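Asker: One structure, pasted below without further comment.
In the numbering used here, the protein residues as written are 47 to 528.
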């Protein structure tokens, strides 16, 4: 925000003016320059000048009230925020009435302090400026023609450019409109949209503009709306002028401070020259196109960021497979789905054997690498996109297998144990083998309304306990008698 603001106090009590003046004098930054009027006519005259950033309006003003001034000032087109002042918190109905009539905020004199007054003024000014910006933008957009309106209904740049090119060509009666983008990585200008009403002009504009072309370089330096007349620019556009005499209007499309590309129109030499209103119109459309480009790019960035956030929220940072939260959500979702279809849901719980000894022997960094390698083996052991390998917690993992019976889960368990044996991660402290091994517990249920996902987890956990008790580096399948 700015460092200085003009404040008009409408107050018929000089003592209250002095108090307000002293409060604002205590504010170091920003500086509030206070002016004071004490009657109805002076207030409206001062407010009509539109020279203040904010108004403080007292309710009591002799024969008139602050509400009357508020209504009249707003009726006269007052743009700055108006803060309504009442004598005490008991005047709440007056405060609400003022807000209904258009006041930005209200303050009770009993509660005013340097801090509260500064905060209220800052907030009112900031909110009003935001409001004015939005209002002005709405007015500009309302004034735009059908070309601009059509561009606001899509974030797809191809659609926006195609509509804009056609509408411009029809409206301005020009035979060719092109939107070209500068591609720094290829050092060339590439046509991204065009609308042509003559074959000759299509052929004329077909050659791409290289970065070194004389008509491409000036786009970095031209002011918006600068004209290029090909009848007198043989060196700039030789291929174009050789085809036929014409006049081109190029308007840079600037996103932030960079030239993203250009909006180009070509008109036959026999047509009338470019009118000022046409240049202004094209500048307006180019500005809107630039906004559309920026919005589309921001939307794409947002989509990318959301995808990244989703991955972060659902992926275990160490192992890069699904985390416990993702597993729990998937289990709940599959349970509900398979309850309806009455298909089996299998779960394999996995635990690295003697992992504490592994950490004690090789260190925790090696332990982290071990977890990541085991997770990779789990991920490679499943084949369907609907299957899910997840880190369940610590050295425990889980594999969720929708639409998979007990036999299918056992096949995957065997494959997993075999693949883990193949990579042969050394584990000298293991009590089972010289390499890292897993114990697996398998459970399979057909979900129904009388059971819960927790029952599947408990069943797989019981089977895992049996695998541990049975010597580890193996799997067990849960049965009703387990």
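Every residue gets a Cβ at the ideal spot worked out from N, C-alpha and C, and that includes glycine. None of the values given here were measured: they were computed from a predicted structure.
Compare the C-beta of residue 377 with all C-beta atoms of chain D and state if any pair is closer than 8 Å.
Answerer: Among the chains of the structure shown, chain D does not appear; only one protein chain is present.
Asker: Tell me which residues share the same chain as residue 404 and place their Cβ nearer than 8 Å to its Cβ, disregarding the 5 neighbours each side in the sequence.
Answerer: 398, 412, 413, 416, 473, 475, 476, 482
Asker: Near residue 63, what residues of its chain come up, given a Cβ to Cβ distance below 7 Å and the 5 sequence neighbours on each side ignored?
Answerer: 55, 57, 82
Asker: What three-state label does DSSP hand residue 124 in the structure shown?
Answerer: Note: residue 124 maps to coil in three-state DSSP.
Asker: Could you check if residue 424 is buried or exposed, using at least 16 other CB atoms within 10 Å of its CB as the buried criterion?
Answerer: Buried is the call here.
Asker: Return yes when the Cβ of residue 436 is within less than 8 Å of the Cβ of residue 383, no when it is not.
Answerer: no
Asker: Note the first and the last residue of the continuous alpha helix (DSSP H) segment covering residue 438.
Answerer: No alpha helix (DSSP H) contains residue 438, which is instead part of the beta strand (DSSP E) from 434–439.
Asker: Taking the alpha-carbon of residue 19 as reference, which of 201, 75, 356 has the nearest alpha-carbon?
Answerer: What the structure shows of the chain is the stretch from 47 to 528, and residue 19 is not part of that stretch, so it cannot be assessed.
Asker: Which whole-angstrom value is the C-beta distance of residue 360 and residue 368, which I expect to be below 8 Å?
Answerer: Taking C-beta atoms under 8 Å as the contact rule, residue 360 and residue 368 qualify, at a distance of about 6 Å.
Asker: Over what stretch of residues does the alpha helix (DSSP H) that includes residue 396 continue unbroken?
Answerer: No alpha helix (DSSP H) holds residue 396; the beta strand (DSSP E) holding it covers 391–398.
Asker: Short of 7 Å in beta carbon distance, which residues of its chain neighbour residue 439, apart from the five on each side in sequence? Order them along the chain.
Answerer: 370
Asker: Residue range of the alpha helix (DSSP H) that residue 448 falls in?
Answerer: Unbroken run through residue 448 is the beta strand (DSSP E), 442–448; no alpha helix (DSSP H).
Asker: State the beta-bridge partners of residue 381 as determined by DSSP.
Answerer: Its beta-bridge partners do not exist; DSSP assigns none.
Asker: One question on the structure: do residue 469 and residue 427 come within less than 8 Å of each other, judged by their Cβ atoms?
Answerer: no
Asker: Buried or exposed for residue 375, going by 16 or more other Cβ atoms inside 10 Å?
Answerer: exposed
Asker: Work out the CA separation of residue 381 and residue 498 for me, nearest whole Å.
Answerer: 8 Å
Asker: Go to residue 457, then tell me how far its alpha helix (DSSP H) extends in each direction, as first and last residue.
Answerer: 452–469
Asker: What's the call for residue 66, buried or exposed, on a 16-neighbour Cβ count within 10 Å?
Answerer: It counts as buried.
Asker: Starting from the C-beta of residue 362, find all residues in its chain whose C-beta is less than 6 Å away, skip the five residues before and the five after it, and write them out in chain order.
Answerer: Contacts found: 369, 437.
Asker: Of all the options 160, 240, 150, 208, which has the alpha carbon lying nearest to the alpha carbon of residue 169?
Answerer: 150
Asker: Might you give, ordered along the chain, the residues of its own chain that have their beta carbon closer than 7 Å to the beta carbon of residue 507, omitting 5 neighbours on each side?
Answerer: 395, 487
Asker: Exposed or buried, what is residue 71 when buried is set at 16 or more other beta-carbons lying within 10 Å of its beta-carbon?
Answerer: exposed
Asker: What's the call for residue 402, buried or exposed, on a 16-neighbour Cβ count within 10 Å?
Answerer: Residue 402 counts as exposed, since fewer than 16 other C-beta atoms from the protein chains shown sit within 10 angstroms of its C-beta.
Asker: Does DSSP put residue 227 in a helix, in a strand, or in coil?
Answerer: strand
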